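Trainee: One structure, as structure tokens, below. Some questions next.
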Amino acid sequence: MWKTIVLDILFPKFCINCGREKEYVCQDCLALIDINNSLTILKSKYLNGLYFAATYDNFLIKKAISQFKYDPFVKELSKPLASLIIAHLNILGKTKFSDFVLIPVPLHKKKLKQRGFNQAEEIAKQISKVLGLPLLNDVLIKIKQTPAQVELKKEEREKNIKGALFCQKPELIQDKKILLVDDVFTTGSTLEECARVLKEADAEEVWGMVVARG
Ligand SMILES: [Zn+2]
Numbered sequence: 001m002w003k004t005i006v007l008d009i010l011f012p013k014f015c016i017n018c019g020r021e022k023e024y025v026c027q028d029c030l031a032l033i034d035i036n037n038s039l040t041i042l043k044s045k046y047l048n049g050l051y052f053a054a055t056y057d058n059f060l061i062k063k064a065i066s067q068f069k070y071d072p073f074v075k076e077l078s079k080p081l082a083s084l085i086i087a088h089l090n091i092l093g094k095t096k097f098s099d100f101v102l103i104p105v106p107l108h109k110k111k112l113k114q115r116g117f118n119q120a121e122e123i124a125k126q127i128s129k130v131l132g133l134p135l136l137n138d139v140l141i142k143i144k145q146t147p148a149q150v151e152l153k154k155e156e157r158e159k160n161i162k163g164a165l166f167c168q169k170p171e172l173i174q175d176k177k178i179l180l181v182d183d184v185f186t187t188g189s190t191l192e193e194c195a196r197v198l199k200e201a202d203a204e205e206v207w208g209m210v211v212a213r214g
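Sequential numbering of the sequence shown, starting at 1, is according to the UniProt record's numbering.
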């Protein structure tokens, strides 16, 4: 409590949209974002479906995600970003996920060192608190460093991510239903490859859960 007050005085937060002091995205600006009101079933082999809170073309979403992921990394943006996912689930009326576990899309350890945190894991931590679901952050790991997906085309992305992931604790996910958390879903190559690895390790279902769909 005191720590928070002292930090607020030393490092005041300003809304990245309207500049108002107190939060990184104020409630008024958050309310401007259109929340997706349907669950997406994909035509993919491994991923069962996708929960996405909003679309990436929304300028505030884009700004929040870029300030969250790129230097100087505002780690606390995980809270408003995760709250969008929660808002999406509330609209769907889907707030109970019995027997589900949360798994964040992993980062390679070099990338993790560079950024200091895994953005998917930070969002997953917030969702874990709200939904009361276990977060497994050491089951799926990234064993191969890959170039940023953002500049690649779909086929290149698929090739790029192939063989880059490994399930190191399959016993923890056998017959489990998984919510695979990430910030952005673009072509889906990363989530699909994660889902493939998890299903080959005997996960029962794998659903994507992201802030924005590109
Ligand atoms: Zn604002």
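Don't be surprised by glycine CBs; every beta carbon is placed ideally from N, CA and C.
On a predicted model such as this, the values are computed, not experimentally measured, just so you know.
To the nearest angstrom, report how far apart residue 218 and Ser189 are at their CA atoms.
Mentor: This structure cannot speak to residue 218, because the chain is shown only from 1 to 214.
Trainee: Give a yes or no on contact between the segment 151 to 168 and the segment 176 to 189, applying the rule of three or more CB pairs nearer than 8 Å.
Mentor: Flag = yes, the segment 151 to 168 and the segment 176 to 189 touch.
Trainee: For ligand 1, I want to know if Asn58 counts as a neighbour, meaning its beta carbon is within less than 7 Å of at least one of the ligand's heavy atoms.
Mentor: Because no heavy atom of ligand 1 lies under 7 Å away, the Cβ of Asn58 does not count as near it: no.
Trainee: Starting from the Cα of Ile35, find the closest Cα among Gln126, Leu152, Ile85, Ser98 and give me that residue.
Mentor: Nearest option by C-alpha distance: Ile85.
Trainee: Which of helix, strand or coil does DSSP assign to Asp68?
Mentor: Contrary to the premise, residue 68 reads as Phe rather than Asp in this sequence. In this structure, Phe68 counts as helix in the three-state DSSP scheme.
Trainee: Roughly how many whole angstroms lie between the Cα atoms of Ser128 and Lys176?
Mentor: Looking at the two C-alpha atoms, the distance is approximately 16 Å.
Trainee: Identify, in the order they occur along the chain, each residue of the same chain with its Cβ nearer than 8 Å to the Cβ of Glu23, setting aside the five sequence neighbours on each side.
Mentor: Taken in chain order, the residues that qualify are Lys13, Cys15, Pro80.
Trainee: Does any heavy atom of ligand 1 sit closer than 7 Å to the C-beta of Arg115?
Mentor: Answer for Arg115: no, Cβ out of range of ligand 1.
Trainee: Report back the beta-carbon spacing between Ile123 and Val181 to the nearest angstrom; my notes put them in contact at under 8 Å.
Mentor: That pair is a contact at about 6 Å.
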